[in-house]
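Q: Sequence positions in the sequence shown follow our numbering and run 3 to 346.
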Amino acid sequence: MLRCKDCRIVLDDDVRFCPKCGKDLAPDAHASKPGESNVESLLASANLHKIRSEWEAAIADATDALRIDPRNPDIASLLGDIYADQEMLDEALVWYQMALELNPDSEADRERLNRLSKEIAARRRKERTGSFAAFERHTKIWTLSLAAVFVLLVITALAMTLIKGKPQEEPVPKPAATVQPRSAPPAAEPAPSQPTIAPAPTDSTPAPAGGSSLRTPAEAGLRTGLASAQAVSDAQITIDDVIADPRSAVVTVTFSIPYRGFVTREQVIRAAAVVARTVFALRQDANFVTARCVVQGSGLGPQIAFVGDVARQSMQTLPENATDQQLASVFTRPWWHPDIGNRE
């Protein structure tokens, strides 16, 4: 069987030109190996479903192919195309990044990644501009309203001052020999206004916000769920902080592991995988997890040992007893502290 390198469409051996892009397929184009037949068939099926806009079926076939060959860059690139066609740009960006990490020489994936990054940045700039314009409109409305209230208060105060300052006419006494003219009764003094007393603080008054109270109840609940999970406890992982970003369904978890003189990358990756699996199990609306591992260094205080992103789809493709290499392959854009090394 032949395969178009640009479109990744699997074709029969007697096809000379790609029906999608028209590229000339050389007669000596490499045929699929016998062991790759299942992967190629699933890729062809996924691509057909994508053309027909059957997204769930396309993702299912591509995911099955990824389980068979998790290091195949064509699968990750096809998943990126599927999500990009659905306007799910953040998910597509993750898969294009994974495809480029698996095959750094792929110019097509690099071009798709750059184009998608620019589109995401443009959309976010547009959203921020729209939010700022709405904020300006609301600010102008509130400013005009406050100005109107202020003018009304000034007019009312002036009117009351004029009314109080107007002298009252004393009644003219009737002429009578025996009747003395009455003197006008003294004007009643206005009662002093009562000072406003602020309510005394009670036990129900909330305390000043601290570090942990800056998190939402959902974030605090997720942190509690992570800390009480059996897998997290068995791995001796301490959950330090949880932050959720609802814009792109990303959960950032900061955790720490025991430090006994040294820490290897394998230990950190296994702990990060446990945290990510637990987050996806607790929150079905989370599509990505950013894992931040903090290690207590000798005399230097806490140090960031690792930061990496992982998608729900990538984690679901791993077997139950995945190797350290398989676990590390699903984390994209990894950053390592220079003092953290591989196991000798």
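Using N, Cα and C, we set each Cβ at its ideal position, and we do this for glycine too.
Values in this document were obtained by computation on a predicted structure and should not be read as measured data.
Restricting to Cα atoms, I'd like to know which of THR266, SER235, THR325, ASP326 is closest to ASP341.
A: The shortest C-alpha separation from ASP341 is found at THR266.
Q: Starting from the C-beta of ARG314, find all residues in its chain whose C-beta is less than 6 Å away, skip the five residues before and the five after it, and write them out in chain order.
A: The answer, listed in chain order, is PHE282, ASN289.
Q: Can the beta-carbon of THR280 be found less than 8 Å from the beta-carbon of LEU228?
A: Yes, Cβ-Cβ distance for THR280 and LEU228 is below 8 Å.
Q: Buried or exposed: ARG73, going by 16 or more other Cβ atoms within 10 Å of its Cβ?
A: Per the 10 Å Cβ criterion, exposed.
Q: Compute the Euclidean distance between the alpha carbons of ARG126 and VAL96, then round it to the nearest angstrom.
A: Whole-angstrom Cα-Cα distance: 17 Å.
Q: Nearest by alpha-carbon distance to ARG285: which of GLU268, THR319, THR226 is it?
A: Taking only the C-alpha atoms, the option nearest ARG285 is THR226.
Q: CB-CB under 7 Å to VAL41, same chain, minus the five flanking residues each way: which ones, in chain order?
A: These residues qualify, in order along the chain: ALA67, ILE70, ASP71, ASN74.
Q: Would you tell me roughly how many angstroms separate the C-alpha atoms of PHE264 and ALA307, rounded to the nearest one?
A: Computed Cα separation, rounded: 11 Å.
Q: How long is the line joining the alpha carbons of TYR98 and VAL270, rounded to whole angstroms?
A: C-alpha separation (whole angstroms): 25 Å.
Q: Going by the DSSP bridge assignment, what does PRO304 pair with across the sheet?
A: PRO304 pairs with GLN298.
Q: Figure out for me which residue from VAL252, SER250, ALA273 has the closest Cα to the Cα of SER235.
A: When each option's Cα is compared against that of SER235, the closest is ALA273.
Q: Along the chain, where does the beta strand (DSSP E) that runs through PHE257 open and close?
A: 252-258 is the extent of the beta strand (DSSP E) around PHE257.
Q: Do we get a CB-CB distance below 8 Å when we pair THR280 with the residues of chain B?
A: Of the chains in the structure shown, none is chain B; there is only one protein chain.
Q: State the beta-bridge partners of ARG5 as determined by DSSP.
A: ARG5 is bridged to VAL12.
Q: What separation, rounded to the nearest whole angstrom, lies between the Cα atoms of ALA78 and ARG5?
A: The straight-line gap from Cα to Cα measures roughly 16 Å.
Q: For ARG217, report the span of its beta strand (DSSP E) as first-last.
A: Neither: ARG217 is in no beta strand (DSSP E) and is coded neither H nor E.
Q: Taking the continuous beta strand (DSSP E) assigned at THR334, which residues delimit it?
A: First-last of the beta strand (DSSP E) with THR334: 334-338.
Q: Is VAL265 helix, strand or coil when you go by DSSP?
A: VAL265 falls in the coil class under three-state DSSP.
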